[in-house]
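Take 110 as the starting number for the sequence shown in this note's numbering and just add one per residue.
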Amino acid sequence: MPGMARTVITFGTFDVFHVGHLRVIERAAALGDRLVVGVSADALNLRKKGREPVFSERERMAIVAALKPVHEVFLEESLELKRDYIRQYAADVLVMGDDWKGRFDEMGDVCEVVYLPRTPAISTTALIEKISGIA
Ligand code: CTP
């Protein structure tokens, strides 16, 4: 429909920002006209992974917000609120990495759900391990 902007939403920690993060954001943005990114809160990461991110939520949000394809960022405080965030930002498409494949199919009643393949051979965890080993 003309004049109807298509909003894409995606979520992630985006800690120790790397090219896999950039690629998923670029590909998500290409699926619509406006990309909104939920950056997961420090407390959420601590609960989920048992450690604090290297960079704080404010720093991670600032980095993601500065990227050209990103129109808006917000703090994702709970994994259970995905449906509310999708509604709040009027998202037409939910994009997740295929490490989450199938896990968000239930959102198909409020938006389109797309899983994108991860960039091979890079992750925040692997980077931290690699850099820790250098010293
Ligand atoms: N991502 C990707 N390719 C990678 C790494 C991440 O496409 N090589 C995507 C994820 O699928 C997700 C987003 O980037 O959609 C944010 O992922 P995040 O969990 O923050 O990054 P990881 O590097 O996977 O972090 P960790 O090692 O801590 O799990």
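Positions of the beta carbon are idealized from the N, C-alpha and C atoms, including for glycine.
Spatial neighbours of Ser149 in its own chain (CB-CB distance under 6 Å, excluding positions within 5 residues in sequence) are listed in chain order as Thr122, Glu185. As the crow flies, the alpha-carbon of Ala230 is around 15 Å from that of Phe126.
A Cβ-Cβ contact shorter than 9 Å links Ala137 with Pro178. Between Lys210 and Gly242, the alpha-carbon positions lie close to 32 Å from each other.
Ranked by Cα distance from Gln197, the options Gly206, Val219, Glu215 are led by Val219.
If you draw a straight line from the Cα of Val145 to the Cα of Ile237, it is about 27 Å long.
In summary, Leu203 is buried, with 16 or more beta-carbon neighbours lying within 10 Å of its beta-carbon over all protein chains present.
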